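Taking it in order: structure first as structure tokens, then the write-up.
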Ligand code: NAD
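Residue numbers (my numbering): 104 to 363.
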């Protein structure tokens with residue numbers, strides 16, 4: 104069994120996931136970098152992690168598929184023998200942004216399967232593993248982090264299925280936080296604002312949000328960086344919130360504040 108604590112990060116190959124992996128490596132975690140299709144990006148993330156002096160492994164798995172989730176957990180246990188932290192980061196945006204009067208069922212299902220069903224059932228699967236490890240005293244503590252979005256509480260007429268998926272994820276955090284506390288497993292929601300990644304790099308999206316920043320979107324009025332989300336997850340991983348579970352960490356430049 105690995106001596107260092109181990110984090111399983113879904114969609115860890117790029118964007119916010121990579122930022123999380125690198126900040127976790129800095130606090131001494133070995134990392135399982137899950138990716139779905141871009142092996143090159145996953146390997147580059149591993150290389151950066153290993154430069155920080157900790158072990159990293161890649162595992163290709165579609166978290167939306169039950170068999171792949173089983174494979175992902177089995178692979179992590181086989182390579183490291185433990186999981187101390189699960190980060191449900193993998194997420195997708197609608198391929199085409201359609202007004203909610205036009206949303207099609209295929210897009211709705213695709214988004215809900217990846218952004219909500221997958222983290223729910225991966226949490227369930229990993230939690231069972233963590234409970235066994237804790238009861239065997241193989242690990243001392245465990246935590247689960249769900250990466251939601253300001254879209255969990257902010258409407259968008261052409262982004263409905265994504266908003267619903269993230270609102271659901273907020274409840275996933277609450278449910279498992281309440282359920283798993285008795286085992287010593289803490290569950291948190293990290294709620295990012297607008298972060299510079301591939302998800303927000305399209306010209307139309309970037310121009311739209313740049314226009315919002317130009318008129319003062321958030322108190323800290325700039326794009327966020329993946330490592331700024333990663334640092335929040337690292338604080339959780341370090342155990343900085345021992346008397347908290349179900350907590351939401353807003354990494355959004357203060358976007359969530361109401362102002363009058
Ligand atoms: P991204 O598109 O750059 O990265 C998403 C990652 O998830 C990719 O590595 C992708 O391959 C992976 N992924 C997607 N579907 C998968 C699947 N079925 N199985 C395994 N991996 C899968 O996006 P990002 O901006 O880094 O987003 C990361 C998370 O943060 C997402 O959950 C997203 O909803 C959330 N988020 C992003 C922003 C933002 O502004 N970028 C804001 C709030 C929340």
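Even glycine gets a Cβ: it sits at the ideal position worked out from N, Cα and C.
Just so we're clear, the structure is a prediction, and the values are computed from it rather than from any experiment.
- Message: Can you give me the C-alpha to C-alpha distance between residue 339 and residue 284, rounded to a whole angstrom?
- Response: 15 angstroms
- Message: If you reduce the DSSP assignment to three classes, tell me which class residue 289 lands in.
- Response: strand
- Should the segment 198-214 be regarded as contacting the segment 312-324, the criterion being three or more beta carbon pairs within less than 8 angstroms? no
- Local Cβ density within 10 Å of residue 346, reported as buried at 16 or more and exposed below that: exposed
- Message: Could you tell me the alpha carbon to alpha carbon distance between residue 243 and residue 134, rounded to whole angstroms?
- Response: 18 angstroms
- Could you check what DSSP says for residue 258 in three-state terms: helix, strand or coil? coil
- ligand 1 site residues, beta-carbon cut 6 angstroms against heavy atoms: 113, 114, 116, 117, 118, 119, 120, 137, 138, 139, 165, 166, 167, 192, 193, 194, 195, 217, 250, 252, 295, 297, 298, 300, 301, 302 and 303
- Task: List the endpoints of the continuous beta strand (DSSP E) containing residue 275.
- Result: Premise fails: residue 275 lies in the alpha helix (DSSP H), 263-283, not in any beta strand (DSSP E).
- Query: So, using beta-carbon positions, are residue 335 and residue 358 closer together than 8 angstroms?
  - Reply: no
- Task: Go ahead and pull the three-state DSSP assignment for residue 249.
- Result: strand
- Query: Looking at the unbroken alpha helix (DSSP H) that takes in residue 237, where does it start and where does it end?
  - Reply: 221-238
- Item | Residue environment, residue 233, which counts as buried when at least 16 other CB atoms sit within 10 Å | buried
- Inspect the CB distances between the segment 287-301 and the segment 104-118 and report whether three or more fall short of 8 angstroms. yes
- Task: Measure the alpha-carbon distance for residue 170 versus residue 354 and round it to whole angstroms.
- Result: 33 angstroms
- residue 111 and residue 179 look like a contact to me (Cβ under 8 angstroms); what is the Cβ gap, rounded to whole Å? 5 angstroms
- Task: Report the rounded CA-to-CA distance for residue 129 versus residue 155, giving the unit in angstroms.
- Result: 7 angstroms
- If you check the beta carbons only, do residue 114 and residue 167 fall under 8 angstroms apart? no
- Over what stretch of residues does the beta strand (DSSP E) that includes residue 134 continue unbroken? 133-138
- Query: How many angstroms separate the CA atom of residue 157 from the CA atom of residue 307?
  - Reply: 39 angstroms
- Query: Across which residues does DSSP place residue 243 in a beta bridge pair?
  - Reply: None; residue 243 has no bridge partner.
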